Amino acid sequence: MTDSRTVVLYHANCPDGFGGAYAAWKKFGESAVYAPVKHGKEPPEGLDGAQVYLIDFCYSQEIMDDLLARAGQLVVLDHHLGVKDVVEAMPEHVFDANRSGATIAWDYFHSGTATPTVLKHLEDDDLFRFALPDTRPIVRYIGTRAFTFAEFAAFVRELEDTGTSAQLLVRLRNYSDYFDMLVAQAVERAKLVRFEGYECYFANTHPSITMRSAVAEKLYRKNPPLALVVSAHPEGLGVSLRSDHTVNVAKIAEKFGGNGHPGSAGFAITWGDPLPWEIIDETL
28 MTDSRTVVLY
38 HANCPDGFGG
48 AYAAWKKFGE
58 SAVYAPVKHG
68 KEPPEGLDGA
78 QVYLIDFCYS
88 QEIMDDLLAR
98 AGQLVVLDHH
108 LGVKDVVEAM
118 PEHVFDANRS
128 GATIAWDYFH
138 SGTATPTVLK
148 HLEDDDLFRF
158 ALPDTRPIVR
168 YIGTRAFTFA
178 EFAAFVRELE
188 DTGTSAQLLV
198 RLRNYSDYFD
208 MLVAQAVERA
218 KLVRFEGYEC
228 YFANTHPSIT
238 MRSAVAEKLY
248 RKNPPLALVV
258 SAHPEGLGVS
268 LRSDHTVNVA
278 KIAEKFGGNG
288 HPGSAGFAIT
298 WGDPLPWEII
308 DETL
């Protein structure tokens, strides 16, 4: 039985996932509960009977079937190829690998309304297209900020306003230059490892997804076809995989309980678990 509660679950620590949550927030405001979720973690409690939206994220088939049985309504909005079959098995869903979670959510909640510029840039970045000018500075900045709706909404307004956007972009480009310097330092310290039959570069970076992606892109171009980037968290290591698309890293990530796209994927390693790579070059 459906009750009056609305719960929005969205991909944690991901600008695109938060962009999707923002689209829901613009629809529901403070009448909904918003919770970031991760792979390898159980869904939050209190979903029985609620109207539940999953944005830029999908659990395993077993967990989704359980949620479908318990929730009053379950809607899944996702674009990750690794969970395509699970998403499409849900009665209410939108799956589109050619859009990102943020733009799928905006179109779902605000059909017929122009997509905010910021969300277009999030999609451009998340799908590794980089077809729009200034996507990198914009998304890099978003990745350093706290994911709060008030701050994100202010950023959306500032970027849309022709009176403030030019000055904002100058600041973001300056920040992006500093960001590039940090990327270069991480790339310089990368090591060669053996991983899943490949000799690839491995680097440790800041946990920002934009930083991980930028470092990994430099490394797989330096030594194709893929790169491995990690960052430390209280529970363990976040592992990001990026490739030149000749290797489907989503398939590799799925072996370790993760998910993603052919050229961009990730998984988590709990502290104490064995590392699935072997360092070849021990020098700094």
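Okay, so the sequence shown: first residue is 28 according to our numbering, each after it adds one.
Ideal Cβ positions, reconstructed from N, Cα and C, are used throughout, including at glycine.
Predicted, not measured: the structure shown is a model, and the values here were computed from it.
Open item on the list: Helix, strand or coil for R221? Go by DSSP, reduced to three states.
Closed with: Numbered from its first residue, the sequence shown carries residue 221 at position 194. Strand, per DSSP.
TODO: Report the residue from E187, P118, A48, R248 whose alpha carbon sits nearest the alpha carbon of A39.
DONE: Translated into positions along the sequence shown, residue 39 becomes position 12. Of E187, P118, A48, R248, the residue nearest in Cα terms is A48.
Open item on the list: Tell me the DSSP secondary structure of A241 in three-state form.
Closed with: For the purposes of this step, residue 241 is identified with residue 214 of the sequence shown, where counting begins at 1. If DSSP states are grouped into helix, strand and coil, A241 belongs with the helices.
Task: DSSP beta-bridge partners of H288 - done: In the sequence shown, residue 288 corresponds to position 261, counting from 1. S291.
Task: 7 Å Cβ cutoff met for V60 and V79 - done: The count along the sequence shown starts at 1 and reaches residue 60 at position 33. The count along the sequence shown starts at 1 and reaches residue 79 at position 52. No, the Cβ-Cβ distance between V60 and V79 is not below 7 Å.
Open item on the list: Would P252 and D271 be called neighbours here (beta carbons separated by less than 7 Å)?
Closed with: By 1-based counting over the sequence shown, the position of residue 252 is 225. By 1-based counting over the sequence shown, the position of residue 271 is 244. Result yes, Cβ atoms of P252 and D271 sit closer than 7 Å.
Open item on the list: What does the Cβ neighbour count give for P42, buried or exposed, with the cut at 16 atoms within 10 Å?
Closed with: In the sequence shown, counting from the first residue as 1, residue 42 sits at position 15. The residue is buried, with at least 16 neighbouring Cβ atoms inside 10 Å.
Open item on the list: Taking its Cβ as the centre, do 16 or more other Cβ atoms sit within 10 Å of T130, making it buried, or is it exposed?
Closed with: Here residue 130 corresponds to residue number 103 of the sequence shown, with the count starting at 1. That one is buried.
Open item on the list: Based on DSSP bridge pairs, tell me the residues matched to E305.
Closed with: The residue you call residue 305 lines up with position 278 of the sequence shown. BP columns for E305 point to R221.
Open item on the list: For the beta strand (DSSP E) containing F122, name the first residue and the last one.
Closed with: Within the sequence shown, the letter at position 95 stands for residue 122. F122 -> beta strand (DSSP E) spans 120-122.
Open item on the list: Beta-carbon within less than 7 Å of K65's beta-carbon, same chain only, minus the 5 sequence neighbours each way: which residues are those?
Closed with: As a working mapping, residue 65 is identified with position 38 in the sequence shown. Hits under 7 Å: A39.
Task: 8 Å contact criterion, which L104 and V121 should meet: CB distance rounded - done: In the sequence shown, counting from the first residue as 1, residue 104 sits at position 77. In the sequence shown, counting from the first residue as 1, residue 121 sits at position 94. With 8 Å as the limit, L104 and V121 qualify as a contact, their Cβ atoms being about 5 Å apart.
Task: From Q100, G290, F294, residue whose alpha carbon lies closest to that of A280 - done: Locating residue 280 in the sequence shown gives position 253, where the first residue counts as 1. Measuring from the Cα of A280, the nearest candidate turns out to be F294.
TODO: May I have a chain-ordered list of the alpha helix (DSSP H) segments no shorter than 4 residues that lie completely inside the segment 260-285?
DONE: 276-282
Open item on the list: One question on the structure: do Y228 and A211 come within less than 7 Å of each other, judged by their Cβ atoms?
Closed with: Start at 1 with the first residue of the sequence shown, and residue 228 comes out as number 201. Start at 1 with the first residue of the sequence shown, and residue 211 comes out as number 184. No, these two residues do not count as a Cβ contact at 7 Å.
Open item on the list: Tell me the DSSP secondary structure of P63 in three-state form.
Closed with: The residue you call residue 63 lines up with position 36 of the sequence shown. Strand.
Open item on the list: Counting C-beta neighbours from all protein chains within 10 Å, is the total for I90 16 or more, i.e. buried, or is it exposed?
Closed with: Numbered from its first residue, the sequence shown carries residue 90 at position 63. Result: exposed.
Task: Three-state class that DSSP yields for Y86 in the structure shown - done: In the sequence shown, counting from the first residue as 1, residue 86 sits at position 59. Coil at Y86, not helix or strand.
TODO: Have a look at L186 and G224 and give me their C-alpha separation to the nearest angstrom.
DONE: Locating residue 186 in the sequence shown gives position 159, where the first residue counts as 1. Locating residue 224 in the sequence shown gives position 197, where the first residue counts as 1. Taking the straight line joining both Cα atoms gives about 44 Å.
Open item on the list: Measuring alpha carbon to alpha carbon, tell me which residue in Y202, Y86, P143, V257 is nearest G170.
Closed with: In the sequence shown, the residue the question calls residue 170 occupies position 143. When each option's Cα is compared against that of G170, the closest is Y202.
Task: Cutoff 7 Å; reference D151; Cβ partners in own chain excluding five residues on either side - done: Here the question's residue 151 lines up with position 124 in the sequence shown. Taken in chain order, the residues that qualify are F157, A158, L159, T162.
Open item on the list: Would F176 and W52 be called neighbours here (beta carbons separated by less than 7 Å)?
Closed with: Start at 1 with the first residue of the sequence shown, and residue 176 comes out as number 149. Start at 1 with the first residue of the sequence shown, and residue 52 comes out as number 25. Contact: yes.
Task: Closest by C-alpha distance to V98, when choosing among W304, G76, Q88 - done: Taking the first residue of the sequence shown as position 1, residue 98 is located at position 71. At residue 98 the sequence reads Ala, which differs from the Val that was named. For the residues W304, G76, Q88, the minimum Cα distance to A98 belongs to G76.
Task: Cβ separation of S291 and F84, assumed to be a contact under 8 Å, to the nearest whole Å - done: Looking up residue 291 in the sequence shown gives position 264. Looking up residue 84 in the sequence shown gives position 57. Not quite, the Cβ-Cβ distance comes to about 15 Å (not below 8 Å), so this is no contact.
- [ ] Go through its chain and collect everything with a Cβ distance to A124's Cβ below 6 Å, but skip five positions before and after it.
- [x] Locating residue 124 in the sequence shown gives position 97, where the first residue counts as 1. The answer, listed in chain order, is H106, L108.
TODO: Check whether the Cβ atoms of G128 and I82 sit closer than 7 Å, and answer yes or no.
DONE: Counted from its first residue, the sequence shown places residue 128 at position 101. Counted from its first residue, the sequence shown places residue 82 at position 55. For G128 and I82, yes; Cβs fall inside 7 Å.
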